[in-house]
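Sequential numbering of the sequence shown, starting at 1, is according to full-length UniProt numbering.
Have a look at the structure below, then the notes.
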Amino acid sequence: MPMPTEEGVSRLVAGLVAGRGFDLEGVEVSTAAGQTRVRVIVDSDETADLDSIAELSSEVSARLDEADDEFGGVRYLLEVTTPGVDRPLTADRHWRRARGRKVRVRLRPGVTPPEPGLPTSFEARAGALDGDRIALVLGGKRAPHLVTVGLGDIERAVVEVEFASPNARELELTGGVASGRPPAGADAAEHTATTVDASDSTEGIME
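In structure tokens:
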């Protein structure tokens with residue numbers, strides 16, 4: 001009995017995801033206790049509401065159920081969801097959507113930090129993306145100031161959860177939180193939970 005593959009699922013659902021105005025951020029297929037789980041991860045420039053996720057989930061489920069030439073009789077649990085905040089920032093669109101948020105950046109080995117005394121792994125607030133360089137606000141609330149780093153010099157970067165609001169100067173330097181994204185700070189906690197955990201699960205049979 002053939003098992004679904006991440007590549008196969010991606011190929012089947014990419015058009016549906018794009019048609020709904022989402023980016024396909026990844027597909028994960030896992031099996032535990034005899035249950036196959038297919039997880040489709042999507043994102044967009046605007047906040048993904050539960051209704052949109054549910055509608056997309058129904059369309060994805062129907063498409064997978066029709067894929068008898070790819071999979072045969074495999075019961076699966078489908079989950080369509082948005083990325084968590086710990087999703088690595090690997091594409092230009094990730095950085096655009098992270099504007100205004102606190103990020104943890106790790107530079108590649110041998111890369112000189114953007115200012116003296118700064119370690120190769122540091123916290124900053126993401127600013128505007130300009131070509132292949134990202135503006136970062138260093139100094140926190142006490143002495144916020146801008147530096148820029150080449151995307152090619154970054155080995156890994158992730159958005160960090162915040163429970164305190166940044167000051168006005170920090171956000172001013174970043175250009176503000178990206179449109180349609182959750183606000184940075186304490187009042188983002190509940191909003192973020194409903195946004196990044198927004199998901200819809202359905203069961204079906206690929207046959």
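Glycine included, every Cβ here is placed at the ideal spot set by N, Cα and C.
A quick note: this is a predicted structure, and the numbers were derived from the prediction, not measured.
Under the three-state reduction of DSSP, residue 81 is assigned to strand. In this structure, residue 80 sits near residue 60, with a CB-CB distance shorter than 8 Å. Within the DSSP bridge table, the entry for residue 13 names no partner. The segment 10-20 makes no contact with the segment 145-154: fewer than 3 CB pairs, one atom from each, lie closer than 8 Å.
Under the three-pair Cβ rule at 8 Å, the segment 13-23 does not count as touching the segment 153-165.
With a contact defined as Cβ atoms closer than 8 Å, residue 174 and residue 127 qualify at about 4 Å. For residue 60, the enclosing alpha helix (DSSP H) covers residues 50-65. The DSSP-derived three-state label of residue 153 is helix. Residue 74 and residue 47 do not touch by the CB rule: their CB atoms are close to 33 Å apart, not below 8 Å.
Inter-segment contact for the segment 93-112 and the segment 161-176 is present: three or more beta-carbon pairs are separated by less than 8 Å. In this model, residue 58 and residue 183 are separated by some 29 Å (Cα to Cα).
A direct Cα-to-Cα measurement between residue 95 and residue 66 gives close to 36 Å. Straight-line spacing of the CA atoms in residue 114 and residue 171 works out to 20 Å.
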